[in-house]
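Peer 1:
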Ligand code: NOJ
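Numbering (this note's numbering), first residue to last: 913 to 1388.
(1) Does the distance between the C-beta of residue 1024 and the nearest non-hydrogen atom of the ligand NOJ fall short of 7 Å?
(2) Using only alpha-carbon positions, find the residue among 1149, 1248, 1113 and 1247 that is nearest to residue 1197.
(3) With the cut-off set at 8 Å, would you say residue 1073 and residue 1118 are in Cβ contact?
(4) So what does DSSP say about residue 1120, is it helix, strand or coil?
(5) Considering only the beta carbon of each residue, do residue 1373 and residue 1001 sit closer than 8 Å?
(6) Please list, in chain order, all residues of the same chain as residue 982 whose beta carbon is under 6 Å from its beta carbon, the five residues on each side excluded.
(7) CB residue 1226 to CB residue 1164, shorter than 8 Å?
(8) Write down the C-beta distance between residue 1043 and residue 933 rounded to the nearest angstrom, noting that I regard them as a contact closer than 8 Å.
(9) Which same chain residues, not among the five before or five after residue 1031, have their C-beta less than 8 Å away from its C-beta?
(10) So is residue 965 buried or exposed if we call it buried at 16+ other beta carbons inside 10 Å?
(11) Would you kindly work out how many angstroms separate the C-alpha atoms of residue 1036 and residue 1349, rounded to a whole number?
(12) Measuring straight from C-alpha to C-alpha, what distance separates residue 1325 and residue 1309?
(13) At a cut-off of 7 Å, would you count residue 1237 as near the ligand NOJ, judging by its Cβ distance to the nearest heavy atom?
(14) Report the residue ranges of all alpha helix (DSSP H) runs contained in full by the segment 1179-1221; include only those spanning at least 4 residues, in chain order.
(15) Could you please give me the residues that DSSP links to residue 994 through a beta bridge?
(16) Kindly indicate which residue of 939, 967 and 1103 has the alpha-carbon position closest to the one of residue 1233.
(17) Flag this pair as yes or no: are the beta carbons of residue 1211 and residue 1130 separated by less than 8 Å?
(18) Tell me whether residue 932 sits in a helix, a strand or coil according to DSSP, three-state version.
(19) Taking 7 Å as the cut-off, is the beta-carbon of residue 1333 closer than that to any non-hydrogen atom of the ligand NOJ?
(20) What residues in its chain sit with their C-beta under 7 Å from that of residue 1207, if we drop five residues either side in the sequence?
(21) Check whether the segment 1175-1192 and the segment 1255-1269 are in contact - that is, three or more C-beta pairs closer than 8 Å.
(22) By the 10 Å Cβ neighbour count, where 16 or more other Cβ atoms means buried, how is residue 1279 classified, buried or exposed?
(23) Could you check if residue 1349 belongs to the surroundings of the ligand NOJ, using beta carbon to heavy atom distance under 7 Å?
(24) Would you grab the beta carbon distance between residue 1354 and residue 1337 for me? Rounded to a whole angstrom, and I think it's under 8 Å.
(25) Specify, as a first and last residue, the run of the beta strand (DSSP E) that residue 1246 falls within.
(26) Does at least one heavy atom of the ligand NOJ sit under 7 Å from the Cβ of residue 1286?
(27) May I ask you to verify whether the segment 990-997 touches the segment 1135-1150, counting CB pairs closer than 8 Å and requiring at least 3?
(28) Answer yes or no: the CB of residue 1341 versus the heavy atoms of the ligand NOJ, is any distance below 7 Å?
(29) Using CA coordinates, which residue listed in 1082, 1273, 1010 and 1235 is at the minimum distance from residue 1173?
(30) Consider the C-beta atom of residue 946 and the heavy atoms of the ligand NOJ; say whether any pair is separated by less than 7 Å.
(31) Between which two residues does the beta strand (DSSP E) carrying residue 1282 extend?
(32) Would you mind stating whether residue 1075 and residue 1135 have Cβ atoms separated by less than 8 Å?
(33) If you draw a straight line from the alpha carbon of residue 1034 to that of residue 1082, how long is it in whole angstroms?
(34) Please classify residue 1089: is it buried, with 16 or more other beta-carbons within 10 angstroms of its beta-carbon, or exposed?
(35) For residue 1271, is the beta carbon positioned less than 7 Å from some heavy atom of the ligand NOJ?
(36) As a quick exercise: from 1276, 1148, 1236 and 1235, pick the residue whose alpha carbon is nearest that of residue 1217.
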């Protein structure tokens, strides 16, 4: 081994740096933050209907006010600027901008997003716009929702209408957020809106989402300037099994098809996995896939959004019904919780699995550019007597996941950005307000915002474009 030269800089203790131009952001979604559900011509979404049913959301929480972002967006953008974010990922509420789900735009609804975009740009923050974060107009659900193929055309029309108004100012567009949740949580176990529980419908919906994405990409390309980038945010997960038997390996294969490849393959290969079609042949003949659909679904994207929270653990064999993991067509498959390690509402905390996942995508699908479009953790944060929100657990979580992300980049994965979930505490779907994911704390009685310690720490990350040590962050 050669001794290091006397004059070479000692990089051993230098914080790991990210590539130049790396996007640092935080995310929200319309239904989770906006409130103002009746304002300016908005009609009910499928989530308004779902959350109105007693027993569906913890504590009976409703999103009527959420965190009042519709009215407080200027203050929230000021907080983003304080954090030093260079990217803000938000979603557009479809029933706000196209209340009837078809036809003309509601100008007042679009005006809100136009003001938000202008405010972001004035603060040097790039808007990253998600078109569909689960809240389509109820009127479209009344016509069958995603089970109805017509919904794919409706989505493309809606995409065109938003692009026509905001395309001059938004550089990064995301078609769908986590279509797995829409298909499987919304239509297999029914614990998300629209609350359907039917296996064949789930697969139909999954295909219609893949098709809608492709039609959406085409509509966006037709309306956007050539410089705009188009993406989709999937939530793939590494799938593991505790004991490496042949039966368990088969369980892994099935789970991987249902969670990951059912979306990644049509998107990046223009086909459905043959094993998925075989595994589900007793449920459907996949006749809903028509000629040309897969060519549409694989319309080129510029960047793949990856939302990562936790790996999956599965095994062969019967198990208790698990609403978060309903294995359509694969009844002999059970999701298991690993025995130890910290865990969250999403499952075990495992930063190394992020590196594994990104390498797997590169290995199986080629060098597609990636943005981490969500990653984060909930914790029961409170404002202390000193006015601080001490969320050291979230800081440690961020530190570990950024280190894993940096490792993946060093491995050769083309990662362009990291967007944290979430900017601000908000309405966490069926958990209501019980789960706080924000870098910014919200007092539920006063709506007062307080930047958490993790927010101050993240500001240091962004300023350095590198991972600082885990020292206590300086408030300010
Ligand atoms: C997934 C979803 O996209 C987002 O809406 C949700 O709040 C977070 N992950 C946390 O569960």
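Beta carbons: idealized from backbone N, C-alpha and C, even for Gly.
Keep in mind that this is a model prediction, so the values were computed, not measured.
Peer 2: Judging by the given coordinates:
(1) No; taking the cut-off as 7 Å, the Cβ of residue 1024 has no heavy atom of the ligand NOJ nearer than that.
(2) With distances taken between Cα atoms, residue 1197 lies closest to 1113.
(3) Contact: no.
(4) Residue state, collapsed to three classes: helix.
(5) No, the pair does not count as a contact, with Cβ atoms beyond the cut-off.
(6) 946, 947 and 948, listed in sequence order.
(7) Yes, they are a contact pair.
(8) Contact between residue 1043 and residue 933 does not hold, since their C-beta atoms are separated by about 25 Å, which reaches or exceeds 8 Å.
(9) 985, 986 and 989, listed in sequence order.
(10) Per the 10 Å Cβ criterion, exposed.
(11) For the pair residue 1036 and residue 1349, the Cα-to-Cα distance works out to about 24 Å.
(12) As the crow flies, the alpha-carbon of residue 1325 is around 21 Å from that of residue 1309.
(13) Shortest gap from the CB of residue 1237 to any heavy atom of the ligand NOJ: 7 Å or more.
(14) If we require 4 residues or more, the alpha helix (DSSP H) runs fully inside the segment 1179-1221 come out as 1186-1191 and 1205-1209.
(15) Per DSSP, none; premise fails for residue 994.
(16) Out of 939, 967 and 1103, the CA that lies nearest to the CA of residue 1233 is found in 1103.
(17) At a Cβ-Cβ threshold of 8 Å, residue 1211 and residue 1130 count as neighbours.
(18) Looking at residue 932 - three-state DSSP - the assignment turns out to be coil, as it is neither helix nor strand.
(19) Between the ligand NOJ and the CB of residue 1333, the shortest heavy atom gap is smaller than 7 Å.
(20) Cβ within range, chain order: 1182.
(21) Using a C-beta cut-off of 8 Å, the segment 1175-1192 makes no contact with the segment 1255-1269, since fewer than three inter-stretch Cβ pairs fall below that distance.
(22) A residue is called buried once 16 or more other Cβ atoms fall within 10 Å of its Cβ, and residue 1279, having fewer, is exposed.
(23) For residue 1349, the shortest separation between its Cβ and any heavy atom of the ligand NOJ lies below 7 Å.
(24) About 4 Å separates the two Cβ atoms, so the contact holds.
(25) 1245-1247 is the extent of the beta strand (DSSP E) around residue 1246.
(26) Yes, the Cβ of residue 1286 comes within 7 Å of a heavy atom of the ligand NOJ.
(27) Contact between the segment 990-997 and the segment 1135-1150 is absent, with fewer than three C-beta pairs closer than 8 Å.
(28) Yes.
(29) Comparing Cα-Cα distances from residue 1173 to each of 1082, 1273, 1010 and 1235, the minimum goes to 1273.
(30) Not under cutoff, so the answer is no.
(31) 1282-1286 is the extent of the beta strand (DSSP E) around residue 1282.
(32) Against a cut-off of 8 Å, the Cβ pair of residue 1135 and residue 1075 comes out as a contact.
(33) For residue 1034 and residue 1082, the gap between their C-alpha atoms comes out near 13 Å.
(34) Burial call: buried.
(35) Answer for residue 1271: no, Cβ out of range of the ligand NOJ.
(36) Nearest option by C-alpha distance: 1148.
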